[in-house]
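Count along the sequence shown starting at 1, add 3, and that's the number in this note's numbering. Some notes on the structure that comes next.
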Amino acid sequence: MPQEDYQQRRPDPDALLAQMREQERRAARGRLRIYFGASAGVGKTYAMLEEAHKLQLDGRAPLVGIIETHGRAETARLLEGLEVLPRRQVDHRGRRLEEFDLDAALARQPSVILVDELAHSNAPGSRHPKRWQDVEELLEAGIDVLTTVNVQHLESLNDVVGGIAGIRVSETVPDGVFDEAAEVVMVDLPADALLARLKEGKVYQPLQAERAAGNFFRKGNLIALRELALRRTADRVEGDVRAWREAQSIDAIWKTGANLLVCVGPGPDAEHVVRSGARIASQLGTAWHAVYVETPRLGRLPERERARVTDTLKLAQDLGATTAVLAGDDVAAGTLEYARDHNLSRIALGRAHTGLHAAWRRRFAPRIGRQLARRAPGIDLIEIGLPAVPLPAAETRAAGAATPRAPLTAHAWAAGASLLAAALAAPLHGRFDLVNIAMLFLLVVLLVAMRLGRAPSVTATCVGVACFDFIYVPPRFTLAVSDFQYLVTFGVMLAVGLITGHLTAGLRFQARIAAERERRVRALYEFARELSGVLVASQVFESSRAVIQNAFGARATLLVPDAQGRLGMPPLDDGSPGGAAPPYVDSGVAQWAYDHAQAAGLGTDTLPASPLFYLPLVAPMRTRGVLAIEPVGGSWGLSPEQHRQLDALAALAAIALERVHYVEVAQAALVNMESERLRNSLLAALSHDLRTPLTALVGLSESLLRGDALPATSQELAQALHDEAVRMGTLVANLLDMARIESGEVRFNLEWQALEEVVGSALRACGAALRRHRIEVRLPPGLPLVQFDAVLVERVLCNLLENAAKYTPDGSRIEIMAAQRGDWVDVTVSDDGPGLRAGSEEAIFEKFTRGERESALPGVGLGLAICRAIVEAHGGEIRATASRLGGAAFTFSLPSGTPPSLPELDTLTPVPSTEKES
4 MPQEDYQQRR PDPDALLAQM REQERRAARG RLRIYFGASA GVGKTYAMLE EAHKLQLDGR
64 APLVGIIETH GRAETARLLE GLEVLPRRQV DHRGRRLEEF DLDAALARQP SVILVDELAH
124 SNAPGSRHPK RWQDVEELLE AGIDVLTTVN VQHLESLNDV VGGIAGIRVS ETVPDGVFDE
184 AAEVVMVDLP ADALLARLKE GKVYQPLQAE RAAGNFFRKG NLIALRELAL RRTADRVEGD
244 VRAWREAQSI DAIWKTGANL LVCVGPGPDA EHVVRSGARI ASQLGTAWHA VYVETPRLGR
304 LPERERARVT DTLKLAQDLG ATTAVLAGDD VAAGTLEYAR DHNLSRIALG RAHTGLHAAW
364 RRRFAPRIGR QLARRAPGID LIEIGLPAVP LPAAETRAAG AATPRAPLTA HAWAAGASLL
424 AAALAAPLHG RFDLVNIAML FLLVVLLVAM RLGRAPSVTA TCVGVACFDF IYVPPRFTLA
484 VSDFQYLVTF GVMLAVGLIT GHLTAGLRFQ ARIAAERERR VRALYEFARE LSGVLVASQV
544 FESSRAVIQN AFGARATLLV PDAQGRLGMP PLDDGSPGGA APPYVDSGVA QWAYDHAQAA
604 GLGTDTLPAS PLFYLPLVAP MRTRGVLAIE PVGGSWGLSP EQHRQLDALA ALAAIALERV
664 HYVEVAQAAL VNMESERLRN SLLAALSHDL RTPLTALVGL SESLLRGDAL PATSQELAQA
724 LHDEAVRMGT LVANLLDMAR IESGEVRFNL EWQALEEVVG SALRACGAAL RRHRIEVRLP
784 PGLPLVQFDA VLVERVLCNL LENAAKYTPD GSRIEIMAAQ RGDWVDVTVS DDGPGLRAGS
844 EEAIFEKFTR GERESALPGV GLGLAICRAI VEAHGGEIRA TASRLGGAAF TFSLPSGTPP
904 SLPELDTLTP VPSTEKES
């Protein structure tokens with residue numbers, strides 16, 4: 004294969020990595036199967052229930068979450084034999100509604116669940132407004148979902164179906180949910196067969212069927228809807244084929260830069276343009292962008308028009324587009340610049356409205372489409388027709404209306420400025436040429452345009468020309484003109500004034516946009532600079548609250564999780580807990596946003612009735628908290644640029660919280676390391692200095708006990724002295740061993756040993772401590788040899804036995820057991836004493852931790868810590884549990900390994916005798 008072909012066919016490593024990540028994400032989620040049809044009655048729910056029975060035969064045990072039979076007997080019969088989840092009762096306006104119980108479904112954790120009517124709108128007060136959002140949460144929990152949807156409920160086809168059937172449904176499903184489904188099953192039925200089912204009462208009840216036959220269920224409508232459903236299914240199949248070709252490293256068939264750019268305007272048909280653009284992008288199988296170019300004229304749109312632009316861009320985002328708001332004087336130039344920067348070779352834009360006003364505008368203002376075609380002939384232009392459903396007359400008039408006029412006071416100030424200029428120039432008449440006086444009027448036009456805008460500058464131009472003609476051009480104080488050249492002067496003055504006003508107003512708009520962007524960048528810079536020096540979470544809270552107050556005029560509250568993941572206020576500067584969330588913050592909504600790492604509350608699709616907006620602070624490692632934002636006035640309408648600014652602020656806050664967390668972790672680790680080093684040094688010094696006098700005490704006490712000259716009382720004192728000296732010696736040995744093990748000075752003598760031998764030696768060593776207890780040894784025959792240091796493992800057994808004898812009353816039962824478990828050998832020391840405190844199973848192995856906090860029993864809490872250090876040094880593990888005898892049980896596991904093979908007895912060669920026979 005030539006090198007060039009190899010380079011072209013070699014898989015892209017980034018693409019392979021992205022593919023692997025996508026596969027991991029899909030593996031963690033449940034699988035979504037959608038039964039897709041052209042309309043109600045084609046058999047989607049019936050087919051879904053039939054599949055549920057097949058799954059039940061395969062042992063999957065599907066759960067019916069919610070099924071709407073609509074009175075169809077044949078559908079209801081298929082529910083027999085399937086487990087049905089009880090519905091949730093909701094009271095709404097005096098009516099009792101039944102809804103899908105999402106919490107109960109999540110608690111059951113079925114392998115497969117059936118959820119009918121994906122586009123259904125949930126009752127107010129539900130966790131999610133839409134049922135498809137409930138399904139998304141089920142999928143995130145790893146539950147497979149079977150569901151149904153009709154073609155008219157797809158978001159991108161909603162207006163098209165409305166134009167065909169004359170009815171526009173309000174319940175829609177984003178196309179992204181449809182495209183992300185693991186499988187789409189097309190349930191098809193010809194129009195005549197569906198109409199026959201309708202007449203037989205198999206779709207609706209008789210009264211409903213009669214109304215449906217006269218409206219939605221007309222044959223032409225059903226044929227068109229069937230075609231739409233088949234085409235949408237074919238588009239998805241084409242995408243599946245394309246994904247398979249990419250997965251197999253087959254050469255892509257798209258040309259480079261085939262992405263789509265949709266131009267968004269301020270008109271009421273912009274929503275139709277966006278939906279059509281989403282549909283075209285889906286058919287092309289490509290990503291798409293939606294941009295809005297804000298010119299000086301569009302920058303002065305009323306609030307209602309600007310809100311419509313924001314809503315349209317949000318719709319484009321929901322449909323999968325990358326949105327942007329551009330600033331410029333020329334819509335065509337701004338669009339082309341964005342297209343070239345992002346390598347977009349197709350541009351879709353709406354068709355101009357018809358009518359007298361639109362024709363006048365096309366005559367004097369070239370259409371954007373013609374400008375794009377002239378400036379970039381190599382770019383494909385797609386013109387989208389007008390909506391099939393006519394727009395309301397009021398909206399059409401508003402779309403064709405001129406830019407909102409400036410206030411009358413601005414025009415009055417502009418006219419007054421020109422009149423004032425005329426009065427101030429009166430003393431100059433006769434001393435200066437009229438051309439110089441005309442310059443004063445142009446200066447006024449420039450100043451008015453800078454201060455008041457374009458329209459008042461036109462007023463100042465007209466009034467200035469009129470004053471110049473009336474006062475200074477002969478014959479004076481009349482509007483008559485004696486010389487034709489003054490008409491040229493008037494025309495030039497008017498043109499220069501208009502052009503100057505237009506350019507100045509444009510520069511004023513650009514300066515305002517630049518100032519706004521500079522303000523946002525400065526806010527991000529100052530916020531990042533403040534966060535770079537914070538040391539505690541409360542400082543992050545104060546900085547975040549201040550910057551959001553300044554940037555958005557809203558009150559912000561930072562909530563951070565505790566060790567159990569429950570949200571609360573940040574800890575105070577002194578480290579004390581910050582307490583619960585304020586009463587105006589809904590802890591449940593905030594916790595949901597934290598657990599799911601998704602925004603919730605006001606302005607979102609999750610619990611939108613909440614008065615606050617909850618934004619999770621997602622850091623690189625995990626979610627670090629939630630920002631609860633309360634807007635002033637209760638409205639939360641942000642432009643796309645403001646949304647991006649808020650996301651950037653949240654990302655900075657999340658990274659700062661993560662940095663604070665790891666600073667605290669590093670400080671705690673450093674303190675622990677220094678404390679451990681100091682403790683080990685102290686223990687080693689003490690143990691070495693104490694061993695010599697303790698050895699002398701033990702020797703002297705033994706000498707005294709061996710003599711017979713001491714009276715009985717002195718004998719008891721000598722015995723007590725001997726016992727305490729031995730106990731103190733054991734403690735010092737423990738201290739020294741702990742220090743040696745942690746410093747790495749212990750050298751292991753690993754040999755293949757029999758557990759029976761080390762258990763026996765440990766029992767002999769602990770004979771004095773165990774003399775008042777019943778000892779049972781249960782070692783099964785055939786235990787394998789284990790490789791360990793016999794002295795150290797004996798020390799482990801001695802510590803466990805002494806620990807059991809110490810914390811159990813006299814006469815208690817202590818049992819030693821051993822068993823092989825796969826590649827491990829488990830040794831257990833258990834008793835029937837009082838057992839362990841609940842929750843102390845892990846902490847009891849820490850150094851200087853005792854079974855009883857306040858006890859007269861001797862010890863410093865090092866025995867079990869030494870056991871863990873020795874066992875883990877052998878590659879094993881030790882754990883504490885409740886004993887089957889009723890007390891405590893300590894089990895340590897050692898790897899069994901592969902012991903060396905021993906020669907058989909019959910293969911041994913006898914050694915010849917050296918003795919002579921007698």
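Glycine residues also receive a C-beta, built at the ideal position from the N, C-alpha and C atoms. As the structure is a prediction and not an experimental result, all values here were calculated from the model.
Report task. Within 10 angstroms of the Cβ of Thr901, are there 16 or more other Cβ atoms? Answer buried if so, exposed if not. Result -> Translated into positions along the sequence shown, residue 901 becomes position 898. Exposed, because fewer than 16 other Cβ atoms sit within 10 Å of the Cβ of Thr901.
**Report entry** Proximal residues to Gln790 (C-beta, below 6 Å), its chain only, five neighbours per side dropped
**Finding:** For the purposes of this step, residue 790 is taken as the residue at position 787 of the sequence shown. Here the set comprises Leu753, Trp755, Gly900.
Query raised in the report: Where does Arg235 fall in DSSP's three states?
Result: On the sequence shown, residue 235 is found 232 positions in, with the first residue counted as 1. Three-state DSSP puts Arg235 in a helix.
Query raised in the report: Given Arg63, which residues of its chain have a CB within under 8 Å of its CB, disregarding the five upstream and five downstream residues?
Result: The residue given as residue 63 occupies position 60 in the sequence shown. Ser114, Val115.
Query raised in the report: Taking C-beta to C-beta, are Leu655 and Gly628 nearer than 7 Å?
Result: For the purposes of this step, residue 655 is taken as residue 652 along the sequence shown, with counting starting at 1. For the purposes of this step, residue 628 is taken as residue 625 along the sequence shown, with counting starting at 1. No.
Requested in this report: Taking 7 Å as the cut-off, decide whether the C-beta atoms of Leu142 and Gly33 are in contact.
Outcome: Along the sequence shown, one-based indexing puts residue 142 at 139. Along the sequence shown, one-based indexing puts residue 33 at 30. A contact, by the Cβ cut-off of 7 Å.
Requested in this report: Pick helix, strand or coil for Cys266, following the three-state DSSP scheme.
Outcome: Taking the sequence shown and counting its residues from 1, one reaches residue 266 at position 263. Strand.
Requested in this report: Determine the extent of the beta strand (DSSP E) in which Ala757 is found, giving its start and end residues.
Outcome: Your numbering for residue 757 matches position 754 in the sequence shown. Counting along the chain, Ala757 falls outside any beta strand (DSSP E), and DSSP gives it neither H nor E.
Query - Touch test, the region 374-391 against the region 286-296, Cβ-Cβ under 8 Å, three pairs minimum - result: no
Query raised in the report: Which one or two residues does DSSP pair with Ala293 in a beta bridge?
Result: Against the sequence shown, residue 293 aligns to sequence position 290. DSSP lists Val265, Thr326 as partners of Ala293.
Report task. Compute the distance between the beta-carbons of Asp119 and Ile70, then report whether it is under 7 Å. Result -> Taking the sequence shown and counting its residues from 1, the one referred to as residue 119 is at position 116. Taking the sequence shown and counting its residues from 1, the one referred to as residue 70 is at position 67. Against a cut-off of 7 Å, the Cβ pair of Ile70 and Asp119 comes out as a contact.
**Report entry** Candidates Val447, Glu875, Ala891, Ala319: closest to Asn806 by CA position
**Finding:** As a first step, residue 806 is located in the sequence shown; it is residue number 803 there, counting from the start. With distances taken between Cα atoms, Asn806 lies closest to Ala891.
Report task. Name the one or two DSSP bridge partners that Val152 has. Result -> Here residue 152 is taken as the residue at index 149 of the sequence shown, counted from 1. Val152 pairs with Phe39.
Query raised in the report: What do you get for Thr412, buried or exposed, if any count of 16 or more other CB atoms within 10 angstroms of its CB means buried?
Result: On the sequence shown, residue 412 is found 409 positions in, with the first residue counted as 1. Looking at its Cβ environment, which holds fewer than 16 other Cβ atoms inside 10 Å, Thr412 is exposed.
Report task. Within the same chain, show all residues whose beta-carbon is closer than 8 Å to that of Met23, passing over the 5 residues directly before and after it, in chain order. Result -> What you label residue 23 is simply residue 20 of the sequence shown in a count that begins at 1. Cβ neighbours of Met23 beyond the five flanking positions: none.
**Report entry** Reduced DSSP secondary structure (H/G/I, E/B, other) of Arg34
**Finding:** Mapped onto the sequence shown, residue 34 falls at position 31. Reduced to three states, the DSSP call for Arg34 is coil.
Query - Three-state class that DSSP yields for Asp1 in the structure shown - result: No statement about residue 1 is possible, as the shown extent of the chain runs from 4 to 921 and does not include it.
Query - Span of the beta strand (DSSP E), counted from its first residue to its last, around Glu186 - result: Locating residue 186 in the sequence shown gives position 183, counting from the first residue. Taken as a continuous stretch (DSSP letters only), the beta strand (DSSP E) holding Glu186 covers 186-189.
Query raised in the report: DSSP on Lys133, reduced to helix/strand/coil?
Result: Within the sequence shown, residue 133 is the residue found at index 130, counting from 1. In the structure shown, Lys133 sits in a strand (DSSP, three-state: E or B).
Query - Validate contact between the region 123-138 and the region 188-199 using beta carbons, cut 8 Å, 3 pairs - result: no
Report task. Please determine, among Glu158, Thr315, Val543, the residue with the shortest C-alpha to C-alpha distance to Ala653. Result -> Walking along the sequence shown from the start, residue 653 turns up at place 650. Comparing Cα-Cα distances from Ala653 to each of Glu158, Thr315, Val543, the minimum goes to Val543.
Query raised in the report: With distances taken from CA atoms, which of Glu174, Gly166, Gly145 is nearest Asn153?
Result: Here the question's residue 153 lines up with position 150 in the sequence shown. Ranking the options by Cα distance to Asn153, first place goes to Glu174.
Query raised in the report: Okay, do the region 450-463 and the region 493-513 touch, 3+ Cβ pairs below 8 Å being the bar?
Result: yes
Query raised in the report: Which runs of the beta strand (DSSP E), 3 residues or longer, sit entirely within the region 782-860?
Result: 789-791, 816-824, 827-834
Query raised in the report: So, are the CB atoms of Glu779 and Glu818 less than 7 Å apart?
Result: In the sequence shown, the residue the question calls residue 779 occupies position 776. In the sequence shown, the residue the question calls residue 818 occupies position 815. Yes; because the gap between Cβ atoms is below 7 Å, this pair is in contact.
**Report entry** Distance between beta carbons of Leu389 and Asp272, contact taken as under 8 Å
**Finding:** Walking along the sequence shown from the start, residue 272 turns up at place 269. Walking along the sequence shown from the start, residue 389 turns up at place 386. Yes, they are in contact, since the Cβ atoms of Asp272 and Leu389 sit about 6 Å apart, within 8 Å.
Query raised in the report: Is the CB-CB distance between Pro903 and Gly878 below 7 Å?
Result: Here residue 903 refers to the residue found at position 900 of the sequence shown. Here residue 878 refers to the residue found at position 875 of the sequence shown. Their beta carbons are not under 7 Å apart, which means Pro903 does not touch Gly878 by this criterion.
Query - Nearest residue (CA-CA) to Ala110, options Glu140, Ser279, Leu800 - result: Numbered from its first residue, the sequence shown carries residue 110 at position 107. The shortest Cα separation from Ala110 among Glu140, Ser279, Leu800 belongs to Glu140.
Query raised in the report: Would a C-beta distance cut-off of 7 Å place Val164 and Ala126 closer than the cut-off?
Result: Counting from one through the sequence shown, the residue named residue 164 turns up at place 161. Counting from one through the sequence shown, the residue named residue 126 turns up at place 123. No; because the gap between Cβ atoms is not below 7 Å, this pair is not in contact.
Query - Extent of the continuous alpha helix (DSSP H) to which Gln112 belongs - result: Counting from one through the sequence shown, the residue named residue 112 turns up at place 109. Careful: Gln112 lies outside any alpha helix (DSSP H) and carries neither H nor E.
**Report entry** Buried or exposed by the 16-neighbour rule on C-beta atoms within 10 Å, applied to Leu60
**Finding:** The residue labelled residue 60 in the question sits at position 57 within the sequence shown. Exposed, because fewer than 16 other Cβ atoms sit within 10 Å of the Cβ of Leu60.
Requested in this report: Just mark Met51 as buried or exposed, buried being the case when its beta carbon has 16 or more other beta carbons within 10 Å.
Outcome: The residue you call residue 51 lines up with position 48 of the sequence shown. Buried, by the Cβ-count rule.
Query - Inter-residue spacing [alpha-carbon to alpha-carbon] between Thr695 and Asp829 - result: Position 692 of the sequence shown, counted from the start, is the residue given in the question as residue 695. Position 826 of the sequence shown, counted from the start, is the residue given in the question as residue 829. Cα-Cα distance, rounded: 38 Å.
Report task. Check whether the Cβ atoms of Val334 and Ile387 lie closer than 7 Å to each other. Result -> Start at 1 with the first residue of the sequence shown, and residue 334 comes out as number 331. Start at 1 with the first residue of the sequence shown, and residue 387 comes out as number 384. No. Outside cutoff.
Query raised in the report: Where does Leu766 sit, in a helix, a strand or coil, going by DSSP?
Result: Translated into positions along the sequence shown, residue 766 becomes position 763. Residue state, collapsed to three classes: helix.
Requested in this report: Please state whether DSSP places Gln718 in a helix, a strand or coil.
Outcome: For the purposes of this step, residue 718 is identified with residue 715 of the sequence shown, where counting begins at 1. Helix.
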